[in-house]
Structures are given as structure tokens and as C-alpha cells.
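To keep things clear, I will list the structure first and then write my remarks on it.
2 protein chains.
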Amino acid sequence: MAPKPDVSEVRKNQIIQAAINVFTRQGFHGARMDDIVEESGLSKGTLYWYYKSKEELIISILDHIFAGEFAKMEALKNENISARQGLHKFLEAYIAELQKMLIFAPIIYEFYALAFRNKTVRVVMQRYLHTFISIVEPIIQYGIDNGELRDVDAHQAAIALGAQLEGTLLLWAYAPDILSLEDQLRSGVKLLFDSIIISEDFEIFENGGENASL
Amino acid sequence: MAPKPDVSEVRKNQIIQAAINVFTRQGFHGARMDDIVEESGLSKGTLYWYYKSKEELIISILDHIFAGEFAKMEALKNENISARQGLHKFLEAYIAELQKMLIFAPIIYEFYALAFRNKTVRVVMQRYLHTFISIVEPIIQYGIDNGELRDVDAHQAAIALGAQLEGTLLLWAYAPDILSLEDQLRSGVKLLFDSIIISEDFEIFENGGENASL
DNA sequence: CATAATAAACTGACCGGTCGGTCTATTATC
DNA sequence: GATAATAGACCGACCGGTCAGTTTATTATG
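From first to last, the protein sequence lines are chains A and B.
Residues 5 to 218 (this note's numbering) make up the first sequence, in order.
Residues 5 to 218 (this note's numbering) make up the second sequence, in order.
Encoded structure:
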């Protein structure tokens with residue numbers, strides 16, 4: 005059936021990686037297909053053999069970047085531990101994941117801009133945010149129900165947490181001179197939780213986020 | 005000097021408004037100069053008479069949108085009132101201003117993406133964030149010094165506040181179905197402040213942000 | 001009648017996408 | 001085990017539409 009060994013997965017990855025590099029450097033519009041061809045070390049014909057258009061390539065990158073994130077977030081669901089532990093574990097994982105995504109920052113903000121005029125992109129972004137809330141909100145609600153947390157609106161609190169994380173990333177991306185990303189993520193989250201948590205001496209992060217190493 | 009009545013200011017505004025409309029609908033790249041020509045009701049020659057390139061037009065819009073914001077933010081500086089009142093007043097003004105900027109949301113996120121590869125855009129965005137911090141941080145510090153607020157790091161708290169506002173706007177832009185913008189802005193900010201403020205029964209917003217009208 | 005202002009036809013660089021054709025590993029057949 | 005047939009993989013010159021920016025002619029006004 006296969007007269008030649010199947011290299012298609014290798015090629016697709018090769019192309020996606022080249023595209024990510026070029027798009028990160030030059031933006032979706034500034035990047036020419038010929039640039040991606042050059043970066044990949046393949047030919048234009050081969051690129052188009054695997055991806056039928058520039059748009060398809062962009063959407064594939066969207067999937068490539070976010071698919072793993074969904075899986076990782078979902079994996080953190082449904083652990084029957086305390087709200088404190090659940091939030092701690094989730095936030096540690098999320099912050100670690102954010103660090104890894106920093107290299108994609110220019111592409112991610114490009115996606116945010118694209119989302120306003122491309123349905124597919126918009127849907128993925130929405131799913132990302134929904135997934136986040138669907139994990140954090142139940143943990144907070146659980147904490148409220150069992151007396152660990154104050155009786156706040158779990159939904160609003162979950163969104164506030166998401167906003168804090170996304171907003172911190174945004175501020176850091178444009179004004180890295182005024183904040184250390186990891187420190188600020190921890191201290192911002194700590195401020196939010198100090199208002200929710202009932203036990204006064206609780207620290208969501210070991211060091212209280214005051215002088216975490218970046 | 006002017007054999008004809010000087011209409012240049014009128015024309016520039018006419019063109020900027022048309023450009024904002026078209027860019028909002030179609031994005032910076034999707035918008036053609038001919039589209040802006042059509043929207044403005046002028047001709048291409050006239051457009052290029054006032055703006056020498058597409059880029060100059062984009063930068064002018066950047067200035068147009070943010071110039072007013074700087075002025076408004078600066079106007080709120082140096083009012084010797086309590087931290088509580090200062091923050092209240094600033095946040096009310098900021099939230100009101102945000103509402104007015106919502107129509108530009110697609111353009112603003114386009115600017116965020118552009119900032120990664122355009123120095124001018126990056127500098128304006130940075131100045132915007134710096135200005136925000138330079139107003140909020142002293143108010144918080146003042147509150148700490150006079151005992152109104154807990155002894156937190158004023159700089160980190162100011163950034164956390166900025167992140168909360170920007171992050172909420174971002175979440176709302178992409179998932180308006182899960183939050184009411186104004187409610188969430190108020191409740192998110194309230195959560196942050198509940199952890200900073202010393203007096204237990206203080207409400208930064210009259211209604212505590214629980215059921216504000218949108 | 002000088003000139004700011006306007007109109008609209010025009011130009012050409014650029015770039016996404018195509019297409020005719022080639023290469024080579026594998027398999028079927030004798 | 002030689003060879004013909006097959007098909008997936010690959011190449012790069014080229015095409016054609018698009019669109020930012022230019023040119024040139026005209027108009028209106030003080």
C-alpha cells in the first residue's frame with residue numbers, strides 16, 4: 005500500500021515548526037510562504053502538498069498550540085482534594101505551562117486579533133477560556149461549600165482569577181520592565197485569594213509570592 | 005496663505021473616522037486604502053494628500069485613540085484625598101472610559117499584536133501601562149502610609165489591579181457569554197481590594213459589585 | 001491667476017497559489 | 001532476481017490578481 009515509507013507526519017511537523025518560527029518573527033501577514041519554505045528546508049510544492057493554503061497552516065498552528073493545553077487542563081479536573089490543594093496544584097501547573105508558552109506570545113496575540121474576524125480562531129479561544137473556568141469554578145465552589153472559602157460568587161471569582169493571570173501576562177508582554185512575570189503572577193493571585201480564604205495565615209504559594217525566584 | 009478655507013482638520017478627522025470604521029470591520033491588513041477612500045466619501049488623492057502612507061494612518065489612529073486616554077488619566081493625578089476616595093474615583097472614571105473604548109476593541113487587540121514588531125506602537129502601549137501604574141501606585145502607597153490599607157507592596161498591587169482590569173476586558177472580548185463586563189470589572193476589583201483594605205465593611209463600589217447594572 | 005484641494009486613472013512590486021514534470025521506494029509478475 | 005508498474009513525495013518556474021502608492025488633470029477660491 006505504501007510504496008515509500010510514510011514521512012508525512014515528520015514533514016507536517018517540520019513545516020509547522022518552520023511556520024511557527026517565521027510567524028513569530030514576522031507576523032501572519034509579514035510572513036511569506038516562501039519564507040516558510042526556506043525555513044523548512046523543503047520546497048514550495050512540498051509545503052502545498054501538506055497544507056493547502058496559508059490559512060490552513062495558521063489554523064493548524066492554532067490547534068498545535070492549544071490542543072496540548074486543553075489536554076493538560078482537563079487532566080487536572082476531578083481530583084477530590086481540598087480547594088486549597090486543588091487551586092494550588094492547578095495554579096502551579098498553569099504558571100509552569102504559561103512559561104512554556106511565552107515563546108509563542110507574539111503568535112498568541114496575533115490570534116487574539118484574528119479572533120475578531122475568524123470564526124474558527126474565535127471558537128478555539130472561547131473554548132480555552134471556558135475550559136479554564138470549568139476547572140477553577142467547581143474547585144472554588146467546593147471550597148465555599150466545605151467552609152474553606154468565604155461565600156463569594158464562585159463564577160465571578162473564577163473569572164477574576166483568569167483575568168488576573170491573562171492580564172498579568174499581557175502587562176508583562178508589553179511592559180516587562182515594570183514586573184517580573186512569575187513574581188507578579190503569584191503575588192496577584194495571592195492578593196485575590198487573601199480576600200477569599202477564611203484561614204488568615206494561609207498561603208497559596210509556599211513563599212507567599214513576595215520573593216519567588218523568577 | 006490659504007486661497008481656500010482651511011478644511012484640513014475637518015478632512016483629517018473625516019479620514020481618521022473612516023479608517024477606524026474600516027479597520028474595525030476588516031482589520032489592518034484586510035482593509036484596503038480604497039475601502040477607506042470609499043468610506044470617507046473622498047478620493048484617493050485627497051487621502052494621500054493628508055496621510056502619506058497606510059502606516060502613517062495607522063499610527064495616527066493609535067495617537068487618536070490613546071492621546072485622550074493619557075490626558076484623562078493624568079487629570080486624575082495629584083488629588084489629595086483618601087486612598088479609598090482616590091481609587092474609587094479613578095476606577096469609576098477608568099471603567100466609564102473602558103466602556104467608550106469598547107467599540108475600538110478589535111483595533112486595540114490589533115495594536116497589541118502589532119506592538120511586537122513596531123517600535124512606535126510598542127512605545128505607546130508601554131506609556132499607557134506606565135501611566136496607569138504611575139497613578140494607581142502612589143494612591144495605594146498613600147493608603148498604606150496613612151493606615152487605610154494593609155502593608156502590601158504598592159507596586160505589585162497596582163499591577164495586579166491593572167492586570168485585573170485588562171484581563172477582564174480580554175475575557176469579555178472573547179467570551180462575552182460567561183460574564184457581564186461591568187459587573188465583572190467591579191466584582192474582580194472588589195475581590196482584590198477586600199484583601200488590601202483594613203476596614204472590613206468597606207465597599208469600593210456603592211453596591212459591592214454584586215449586582216451592578218450593566 | 002496662484003495654489004490648495006480634489007478626482008480618478010494608472011503602475012508595478014509583490015506574493016499566494018498552481019502545475020507540469022521528476023524521483024524513488026515498494027510491490028507484482030514472470 | 002530482473003523489471004515493469006504504481007503512487008506518494010517532491011520540486012521550482014511561473015501566473016495572475018491585488019493593492020499601496022503615484023501621476024496628472026481639473027476645480028474652486030481668495
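Positions of the beta carbon are idealized from the N, C-alpha and C atoms, including for glycine.
Pairwise C-alpha distance: residue j and residue i
i: A/Glu78; j: B/Lys56; result: 51 Å
i: B/Ser12; j: B/Ile112; result: 26 Å
i: B/Val14; j: B/Val140; result: 36 Å
i: B/Leu46; j: A/Phe74; result: 49 Å
i: B/Ala164; j: A/Asp67; result: 30 Å
i: A/Leu175; j: B/Leu133; result: 7 Å
i: B/Leu230; j: B/Ala100; result: A query on residue 230 of chain B cannot be resolved here, the shown segment of chain B reaching from 5 to 218 and no further.
i: A/Gln145; j: A/Ala161; result: 10 Å
i: A/Phe120; j: B/Glu152; result: 42 Å
i: B/Asp39; j: B/His33; result: 12 Å
i: A/Leu185; j: B/Ile65; result: 30 Å
i: A/Gln30; j: B/Ile63; result: 19 Å
i: B/Ala22; j: B/Lys16; result: 10 Å
i: A/Met37; j: A/Leu61; result: 10 Å
i: A/Phe108; j: A/Glu170; result: 14 Å
i: A/Leu91; j: A/Leu173; result: 19 Å
i: A/Tyr52; j: B/Phe70; result: 42 Å
i: A/Gly147; j: B/Gly147; result: 31 Å
i: B/Ala177; j: B/Ala35; result: 21 Å
i: B/Glu42; j: B/Pro110; result: 21 Å
i: B/Lys48; j: B/Val26; result: 15 Å
i: B/Asp157; j: B/Glu96; result: 23 Å
As assigned by DSSP and simplified to three states, the class of residue i
i: A/Ile85; result: coil
i: B/Leu95; result: helix
i: A/Leu153; result: strand
i: A/Ala22; result: helix
*asked:* Any C-beta of chain A within less than 7 Å: which residues of the region 91-118 of chain B qualify?
replied: Pro110, Tyr113, Glu114, Tyr116, Ala117
*asked:* Short of 9 Å Cβ to Cβ, which residues in the region 27-43 of chain B face chain A?
replied: Thr28, Arg29, Gln30, Gly31, Phe32, His33, Gly34
*Check each residue of the region 127-150 of chain A: if its Cβ is closer than 7 Å to any Cβ of chain B, include it; give the result in chain order.*
Met129, Gln130, Leu133, His134, Ile137
*Taking a cut of 7 Å between CB atoms, which residues from the region 172-185 of chain B lie near chain A?*
Thr172, Leu174, Leu175, Tyr178, Ala179, Ile182, Leu183
*asked:* My parser needs the alpha helix (DSSP H) runs of 4 or more residues fully inside the region 106-146 of chain B; what are they?
replied: 109-118
_Short of 8 Å Cβ to Cβ, which residues in the region 51-78 of chain A face chain B?_
none
_Cβ-based contacts, 7 Å cut-off: residues of the region 12-26 of chain A near chain B_ = none
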